[in-house]
Amino acid sequence: MTKPITLATYLASQSAADAALRAVVANVAQTCAEISRVVAGGALTGSLGAAGHTNVQDEEQKKLDVITNDMLRAALDGCAPVAGLASEELDTIETTGREGGFLVTFDPLDGSSNIDVNVSVGTIFSILPAPAGKVPDEADFLQPGRRQAAAGYALYGPQTMLVLTLTEGVAAFTLDAGGEWLLTHEALSIPADTKEFAINMSNQRHWAEPVRRYIDGCLQGKTGPRGKDFNMRWVAAMVADVHRILMRGGIFLYPWDAREPDRAGKLRLMYEANPMSLIVERAGGKSTTDGVAPILDLQPTKLHQRVPVVLGSANEVDQVGAVDQVGA
Ligand code: F6P
Ligand code: MN
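Each residue of the sequence shown is one higher than the last, beginning at 3 in the working numbering.
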């Protein structure tokens, strides 16, 4: 058997990416390996359950949201090329006092409602260039997703995996028993066609008409307009639903809905939608707000901005766009 490629070897081979960027990725990856151990400890470490307060999004924080957030903060604070960070679990940005280098935004534990029931969760991160010659402020974080220097996520599932995009392509690593990331998927590619969709069906009555019509077409199966039967999956952790799409195709929707009409969607642009969109596009898929408009082109206006998400297999995302144009 050939010797597996470690993350360190892989990063050393990525000479098109800035060495400082690779150091930041290595730092986040190492922290994710440590988070994986804490998550795996579950009830044994007393880390399950609610923390007893809400975050800036008014969501109940789990103890593990707080623990994992603090682990990433501490790691990035000690990582020389990092000038600032922002997290789902922090009201405002934090700076390290350094200038230049990179900004990191993250969702420390995506899908945290899954933790207490032992279902997959993950960490999502986005790395952006920091301004030179100044300590960054919040405005410096508000860069379109296309400007990301790198993006990735760790999935704490039956296997712990790290999925990364640096300058091109998407590679995936699996954490071995010794705590080392080993390259297991060199170039992930999302099939253009699919028969599998992921959406929270319980929100159906709140959706806009085009999304209703698109899903209705899927539900009609072989005898409907799509002429094929569809399957449905919903893990309720974006990181796991997107991972499935990277592995075998599919479409994921968290659309705008009428529950809170002024809220653009549920998922957050800066540390959920943007990093996942870069990964999906680099793997040949599409990531949009509505089947048409690419998420990566959005100009962010707020750190915790929300955005509707329609991503996955390219031809299927186009189908949502086609419905939208006919009926919006
Ligand atoms: O971070 C928000 C999130 O947990 C996503 O990971 C996931 O896709 C979604 O919320 C699940 O939402 P719902 O509660 O509607 O299933
Ligand atoms: Mn999340």
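Even glycine gets a Cβ: it sits at the ideal position worked out from N, Cα and C. Since we're looking at a predicted model, the values are computed, not measured.
Where does Ile253 fall in DSSP's three states? strand
Roughly how many angstroms lie between the CA atoms of Val237 and Asp243, to the nearest whole one? 6 Å
Flag Asp118 as yes when its Cβ comes closer than 7 Å to any non-hydrogen atom of the ligand MN, and as no otherwise. no
Cβ-based burial, Glu96 [other Cβ within 10 Å; buried from 16]: exposed
Apply the 10 Å Cβ neighbour rule to Glu62 and answer buried if 16 or more other Cβ atoms are within range, or exposed otherwise. exposed
Just to check, is the beta-carbon of Met163 closer than 7 Å to a non-hydrogen atom of the ligand MN? no
Decide yes or no for the touch test of the stretch 8 to 19 against the stretch 167 to 174: beta carbon pairs closer than 8 Å, at least 3 of them. The stretch 8 to 19 vs the stretch 167 to 174: in contact.
Would you give the residue range spanned by the alpha helix (DSSP H) that Pro1 belongs to? Nothing in the structure corresponds to residue 1, since the chain is present only between 3 and 330.
Would you report the Cα separation of Val325 and Ile253, rounded to the nearest angstrom? For Val325 and Ile253, the distance between alpha carbons rounds to 15 Å.
Does DSSP classify Thr162 as helix, strand or coil? strand
Taking DSSP's pairing of strands, which residues face Tyr216 in a bridge? DSSP, once it has assigned bridges, lists no residue as partnering Tyr216.
Measure the beta-carbon distance from Ala35 to Leu13 and round it to whole angstroms, keeping in mind my assumption that it falls under 8 Å. No, Ala35 and Leu13 are not in contact; Cβ-Cβ is about 14 Å, not under 8 Å.
For a test of the three-state rule: what should DSSP assign to Gln206, helix, strand or coil? helix
For the beta strand (DSSP E) containing Ile129, list its first residue and its last residue. Where Ile129 is concerned, the enclosing beta strand (DSSP E) stretches over Val123 to Pro131.
Which ranges would you report for the beta strand (DSSP E) in the stretch 33 to 75 if only whole runs of at least 3 residues count? 52 to 56 and 62 to 64
Hey, would you say the C-beta of Asp109 is under 7 Å away from at least one heavy atom of the ligand MN? yes
Locate the alpha helix (DSSP H) running through Phe143, then write down its first and last residues. Glu140 to Phe143
Quick one, are the C-beta atoms of Asp299 and Arg148 less than 8 Å apart? yes
So, for Gly329: in the same chain, excluding its five sequence neighbours on each side, which residues have a beta-carbon less than 8 Å away from its beta-carbon? A caution first: Gly329 carries a pLDDT of 40, below 50, which makes its placement in the model unreliable, though a value can still be read off. Glu211, Pro212 and Arg215.
With distances taken from CA atoms, which of Lys288, Ala152, Thr125 and His187 is nearest Tyr158? Thr125
Report the rounded CA-to-CA distance for Thr303 versus Met272, giving the unit in angstroms. Taking the straight line joining both Cα atoms gives about 10 Å.
Rounded C-beta distance between Val165 and Ile281? I'm assuming under 8 Å. 6 Å
Could you check whether the Cβ of Asn202 sits closer than 7 Å to any heavy atom belonging to the ligand F6P? yes
Can the beta-carbon of Gly314 be found less than 8 Å from the beta-carbon of Ile247? Cβ atoms of Gly314 and Ile247: closer than 8 Å.
Does the stretch 254 to 265 touch the stretch 135 to 147, meaning 3 or more C-beta pairs lie closer than 8 Å? no
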